[in-house]
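Student: Sharing a structure here in structure tokens format.
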Amino acid sequence: MTDPGEAGGDEGGPGAKPPAHHGTPAPAPAAVALRMEDVTHWVVERVAKMPREHKFAIGDKLVEACLDVTCALVEATYVRDKLGLLGQASRGLVRARVLARLAGRSRLLSHDQLAHFERETVEAGRMLGGWTRSVRRR
Numbered sequence: 005m006t007d008p009g010e011a012g013g014d015e016g017g018p019g020a021k022p023p024a025h026h027g028t029p030a031p032a033p034a035a036v037a038l039r040m041e042d043v044t045h046w047v048v049e050r051v052a053k054m055p056r057e058h059k060f061a062i063g064d065k066l067v068e069a070c071l072d073v074t075c076a077l078v079e080a081t082y083v084r085d086k087l088g089l090l091g092q093a094s095r096g097l098v099r100a101r102v103l104a105r106l107a108g109r110s111r112l113l114s115h116d117q118l119a120h121f122e123r124e125t126v127e128a129g130r131m132l133g134g135w136t137r138s139v140r141r142r
């Protein structure tokens, strides 16, 4: 599928399906980490195509924010005290959304690309919120 606003290419558009993961469906905590991994991969591909003058100012910060969220979620699946990492992931997700909106305003992401990013991160945020609530109840 062609990414809106780009000529050529056949993967990664807003309607593209995320890559299939191996085996059975992931448990809820791992599912949000896998979802953010897919989002991060999608962002890396978009940032690679940004003009050099904006790539370093906004694009790399967006990639870094997404990587921070993904890494915090992965780490939280392996540690006993999860709340600090889940809070870190939540704050990073907000930071990533702000950077994506700036990229959209700067026309580095198309309207469709920004809408795709928002949909994916809103769903990841819902999943993260559910995980956080379940950890607090324990």
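In this text, residue positions in the sequence shown follow this note's numbering: the first is 5, and each later residue adds one.
Quick reminder that beta carbons are idealized off the backbone N, C-alpha and C, glycines included.
If contact is defined by three or more beta carbon pairs under 8 Å, each pair taking one atom from either stretch, is the segment 53-70 in contact with the segment 92-112?
Tutor: Yes: the two stretches touch, three or more of their Cβ pairs being nearer than 8 Å.
Student: Is Ser114 helix, strand or coil when you go by DSSP?
Tutor: By 1-based counting over the sequence shown, the position of residue 114 is 110. It is coil, neither helix nor strand.
Student: Which word fits Leu90, buried or exposed, when buried means at least 16 other C-beta atoms lie within 10 angstroms of its C-beta?
Tutor: Taking the first residue of the sequence shown as position 1, residue 90 is located at position 86. Classification for Leu90: buried.
Student: Excluding the 5 residues flanking Leu66 on each side, which residues of the same chain have their C-beta closer than 7 Å to its C-beta?
Tutor: On the sequence shown, residue 66 is found 62 positions in, with the first residue counted as 1. Cβ within range, chain order: Val47, Val51, Ala100, Leu103, Ala104, Ala107.
Student: Identify whether Pro33 lies in helix, strand or coil by the three-state DSSP scheme.
Tutor: Counting from 1 along the sequence shown, the entry for residue 33 is found at position 29. Of the three classes helix, strand and coil, the one that applies to Pro33 here is helix, per DSSP.
Student: Should Val36 go down as buried or exposed, given a rule of 16 or more other Cβ atoms within 10 Å for buried?
Tutor: The sequence position of residue 36 within the sequence shown is 32, counting from 1. Buried: at least 16 other Cβ atoms inside 10 Å.
Student: How far does the alpha helix (DSSP H) with Ala147 in it reach, from first residue to last?
Tutor: A query on residue 147 cannot be resolved here, the shown segment of the chain reaching from 5 to 142 and no further.
Student: For Gly129, which option in Leu112, Arg141, Arg140, Val73 has the closest C-alpha, if you only look at C-alpha atoms?
Tutor: As a first step, residue 129 must be located in the sequence shown, where it is residue number 125. Ranking Leu112, Arg141, Arg140, Val73 by Cα distance to Gly129 puts Val73 first.
Student: Which residue wins for smallest C-alpha separation from Ser110, given the options Glu57, Leu38, His45?
Tutor: Within the sequence shown, residue 110 is the residue found at index 106, counting from 1. Checked all of Glu57, Leu38, His45; the closest Cα to Ser110 is Glu57.
Student: Decide if Pro22 is buried, meaning its Cβ has at least 16 other Cβ atoms within 10 Å, or exposed.
Tutor: Numbered from 1 along the sequence shown, position 18 holds the residue referred to as residue 22. Model confidence at Pro22 stands at a pLDDT of 44, short of 50, so the residue's coordinates are unreliable; what they give is reported in the following sentence. Pro22 is exposed by the Cβ-count criterion.
Student: Within the continuous alpha helix (DSSP H) that includes Val98, where are the two ends?
Tutor: Translated into positions along the sequence shown, residue 98 becomes position 94. Unbroken alpha helix (DSSP H) run through Val98: 87-109.
Student: Expressed to the nearest angstrom, what Euclidean distance is found between the alpha-carbon atoms of Cys145 and Leu97?
Tutor: As shown, the chain starts at 5 and ends at 142. That puts residue 145 outside it, with no answer to give.
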